[in-house]
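Listed in order, the protein sequences are those of chains Y and U.
Heads up, the first sequence is in full-length UniProt numbering, so the first residue is 1 and it goes up one at a time.
Heads up, the second sequence is in full-length UniProt numbering, so the first residue is 1 and it goes up one at a time.
One structure below.
There are 2 protein chains.
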Amino acid sequence: MKILSLHQWKQQQAKKTSSSRNKQVDQDVLRIIEQVQIQGDEALKQYTLQFDQVNLNSFEVTSDEWEKAIKKVNSTLLDALEIAAQNIQRYQSEMIEFDWSITPETGVKLGQQVTPLDRVGIYIPGGKASYPSTVLMDAIPAKVAGVKEIIITSPPNKNGEIDPVVLAAAKIAGVTKVYKVGGAQAIAALTYGTETIPSVDKIVGPGNIYVTRAKKWVYGDVAIDMIAGPSEICIFADSNAPVSYVAADLLSQAEHDEEATSICITNDRSYAKLLQEEVNRQIPLLERKEIIDASISQNGKIIICENNKEAIDTINQLAPEHLQLMTTDPEQISTKIKHAGAIFIGNYSSEPLGDYLAGPSHTLPTNGTAKFSSPLGVYDFIKKTSLIQYSKNKLEEAADTIITLAEAEGLTAHANAIRIRKENNHAQSIFKQKNQ
Amino acid sequence: MKILSLHQWKQQQAKKTSSSRNKQVDQDVLRIIEQVQIQGDEALKQYTLQFDQVNLNSFEVTSDEWEKAIKKVNSTLLDALEIAAQNIQRYQSEMIEFDWSITPETGVKLGQQVTPLDRVGIYIPGGKASYPSTVLMDAIPAKVAGVKEIIITSPPNKNGEIDPVVLAAAKIAGVTKVYKVGGAQAIAALTYGTETIPSVDKIVGPGNIYVTRAKKWVYGDVAIDMIAGPSEICIFADSNAPVSYVAADLLSQAEHDEEATSICITNDRSYAKLLQEEVNRQIPLLERKEIIDASISQNGKIIICENNKEAIDTINQLAPEHLQLMTTDPEQISTKIKHAGAIFIGNYSSEPLGDYLAGPSHTLPTNGTAKFSSPLGVYDFIKKTSLIQYSKNKLEEAADTIITLAEAEGLTAHANAIRIRKENNHAQSIFKQKNQ
């Protein structure tokens, strides 16, 4: 893990570059999307054989399969999922939004109607990995928002099965249906629909590069949560932060994959040195040490800032997905953070607490996109409709202003729609008058 | 304007198709994006010469140019812009969101911090058309959200100028800077930055197919408002709705362009016939009759529904951008609408009222995307950060649950970050113990 001065780090910062092209993957992904649109289930069947090495005759997890799977999950794990689900539900319920209206003047009523999406799809990665926590973190906000149909797609293993813990989490979260389909073909099916998989209004959830690129391609035909990149953590620590905690947290992030980024910012050079040693001490003791070592060597950094202001500016420039504040005044510092996915305040708010249990979704903006994106929440599963209601009198009062603006833009039929109401209720003659 | 039964209309509805490819345009757009990334201002200069036929040495509208332009705008129009701006500001201010937190148990604090985006870009179409109303409708929500830098890009005319009314609206709305750049090159500049144009966090605003495709390509590197399609109106009218009003409103939508769609839904076949006649009577009297006639012939429809339920179901299936309810009980019906960009309630809430004056943004989800998108609003210019704070005691209580979940996913370094806090505050030995 390298130690860098702020100046050194700044010199390393590259210009913002484009993530908008990935030619080979895009070519494959576009062919898959096209085939699913043309051939429907038949294409899904072929791609599942090709990519997941299993020949499926039906994609839907039956209620029988579902029940049997859940019985395989031990009760400690089921209880843990239930506790997490309750916390997520409690937190997300705070975000429920309601219709509103104002009557700024008699005869004028304006507002917004809030409605849930009808049907959403959640992509859950499969194969070797299993992410029941993502099922809870992504499905419960949709449920709280009032979404009626929540469906999951996930690639099956070689026996044509979905991980029982994923199915248990899906049941707890109130998921409606689970389909055994993965990859870009799942994203295409969720967007355009096939004989068995219905098209959805929004697709959320993480996935590999094929899933991510497919989401980018179908965006616009369907809503998506985000274009997610590798996961990151940034810990702002002063010399009071237990060095073993900071090291363990950095390494927990690093175990996700080689591309993950772990950064510590500190104002104490001797602390940086201690942390570097502790990181080196802990790595070989961890199970996923190969991944962790690769990630830390490539992307691990300890950045020395001279003072809190420099540190806060650096954090806001990074806009990290996860930010842990392990200083003597973490609450005070948190109010100065403009850009971060989630802030973990104090020495005992370790990132895995948020990944699994506290309540806020662990689906967070990565790669600096916290500058313009929010954590997944109830607001991702609702949309709003403007309401406009003017009385006859109020429209007549407003008419000249509207006509002035419409005519300034050359949109004379817009002006006419107002004039016809202002000048003559029945408007039999207005156009004739104007054109005589 | 065709009259169709609901059954006939349903048969015409095509399967959801892909808008994700547009090969020739995409090739051009990608080349433009790449050149702007490599060459910066020099590329902007060349494309402005090529597409706008003007050779510019600097892109920024100077404060002198800005002031002179505004003096050219007549006071009636300036007053109208001011009135519209006040209404927009009043409405958008209702949507301001605040930080919140909960303390569900002693030692547990959870919440969200709400922060504005730092810098946003608004694309305003130029050339022959001028859309000062879009400046107000897109910039004021950003201003109300607290965005510090709001910049506009718009293609210059052949004299290298931006329409003075657009500049006046920009001044009223609190826009920071205006740049004379249009097309895909403007979108690239706003995303990646050039020597003179700073990169922004979000791009909003309408544009032609090049602008729209460029927005799709840069999405992910920057936030965008939506992939906008042609504009649509749906009017639900019963026989009490003045036929001349309904006709004028349908035609006001049709004047936007040939691709615009105007639909009336009614439960009265003789009313449909009257409306059809009135539409035919009004078209030749209107200034933009060629566009209107083309739009109405291609996309104009009167759909006959048997009852309110059928009508409401049809509207929810359409998810129209603009919905006018001109029935005897419009408020009651509005509560049953699930999917629409904006609902205009009653005979005097004509769409141009919303386009120019009432307050809600006229930037609305088109082409059925109201099923998953909202009108532009303050919420487009803020983002949220989750806050998680657990005490030592509460983390220790939660530790086993977190460890259970992390280990179920095979993320043992995550489990360790929690275990190290639970088992030993200084954790000098925990890994050794585990591995002995």
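Glycine residues also receive a C-beta, built at the ideal position from the N, C-alpha and C atoms.
It should be emphasised that the depicted structure is a prediction, and the values quoted were computed from it without experimental measurement.
- Around LYS422/U, the same chain offers GLU396, ALA399 as residues with beta carbons nearer than 7 angstroms, after the five sequence neighbours per side are excluded.
- Between GLY182/Y and PHE51/Y a beta carbon distance of about 7 angstroms is seen, short of the 8 angstroms cut, so the two are scored as contacting.
- DSSP links PHE98/U through a beta bridge to no other residue.
- Under the criterion of beta carbons closer than 8 angstroms, VAL178/Y and ILE152/Y qualify as touching, at roughly 5 angstroms.
- For GLN282/Y, same chain residues with a beta-carbon under 7 angstroms away, outside a window of 5 residues either side, are ALA247, ALA248, LEU251 in chain order.
- Take the alpha-carbon of ALA237/U and the one of THR176/Y: they are about 37 angstroms apart.
- Interface criterion met: the Cβ of LEU117/Y is under 8 angstroms from a Cβ in chain U.
- Taking a 10 Å sphere around the C-beta of PHE98/Y, we find fewer than 16 other C-beta atoms and assign the residue as exposed.
- Relative to SER133/U, the option among PRO352/U, ASP380/U, THR404/U whose CA is nearest is PRO352/U.
- By the Cβ rule, the region 182–202 of chain Y counts as touching the region 118–137 of chain Y, because three or more pairs are nearer than 8 angstroms.
- When the five nearest sequence neighbours on each side are left out, no beta carbon in the same chain lies closer than 7 angstroms to the beta carbon of SER297/Y.
- Inclusion of GLY300/Y and LYS10/Y in the CB contact set at 8 angstroms is not warranted, their separation being larger than that value.
- SER270/U: member of the alpha helix (DSSP H) spanning 269–282, first to last residue.
- Cα atoms of GLN332/U and TYR91/Y: separation of roughly 33 angstroms, rounded to the nearest angstrom.
- Its Cα nearest to that of GLY193/U, the residue VAL36/U stands out among ASN240/U, LYS216/U, VAL36/U, GLU255/U.
- Across the region 145–175 of chain Y, CB contacts with chain U closer than 8 angstroms involve VAL165, in sequence order along the chain.
- Proximity of the region 77–94 of chain Y to the region 355–370 of chain Y meets the contact definition, three or more beta-carbon pairs being nearer than 8 angstroms.
- A residue is called buried when at least 16 other Cβ atoms come within 10 angstroms of its Cβ; ILE96/U does not meet this threshold and is exposed.
- LEU387/U is classed as buried because its beta carbon has at least 16 other beta carbons within 10 Å across all chains shown.
- Taking a contact to require three or more Cβ pairs closer than 8 angstroms, the region 54–69 of chain U and the region 322–340 of chain U do not qualify as touching.
- SER130/U counts as buried, since no fewer than 16 other beta carbons sit within 10 angstroms of its beta carbon.
- At least 8 angstroms separates the CB of GLN39/Y from every CB of chain U.
- Between GLU232/U and ILE291/U, the C-beta spacing is not below 8 angstroms.
- For the pair ALA189/U and LEU285/U, the CB atoms are not nearer than the 8 angstroms cut-off.
- Around the Cβ of THR401/Y, a 10 Å sphere holds 16 or more other Cβ atoms; the residue is buried.
- Burial state of LEU411/U is buried, judged by a 10 Å Cβ sphere holding 16 or more other Cβ atoms.
- For ALA237/U, the enclosing beta strand (DSSP E) starts and ends at 232–237.
- For ILE382/U, the CB contacts under 8 angstroms within the same chain, skipping 5 residues up- and downstream, are GLU97, VAL114, THR115, PRO116, LEU117, ALA145, GLY146 in chain order.
- Annotation for LEU6/Y: ILE303, ILE304, CYS305, GLU306, GLU310, THR314 place their beta carbon closer than 8 angstroms to its own, counting only its chain and skipping 5 residues before and after.
- Looking at the DSSP output, TYR179/Y shares a beta bridge with GLU60/Y, THR153/Y.
- Runs of the alpha helix (DSSP H) lying entirely within the region 304–376 of chain Y, each at least 4 residues long, are 308–318, 330–334, 351–356 in chain order.
- By the 16-neighbour rule on beta-carbons within 10 angstroms, SER374/Y is buried.
- The CB of LEU318/Y never comes closer than 7 angstroms to any CB in chain U; the least such distance is about 13 angstroms.
- Residue pairing of TYR219/U in beta bridges, as defined by DSSP: VAL222/U.
- Taking 8 angstroms as the CB threshold, LEU275/U stays off the interface with chain Y.
- VAL54/Y sits in coil when the DSSP states are folded into three classes, being neither helix nor strand.
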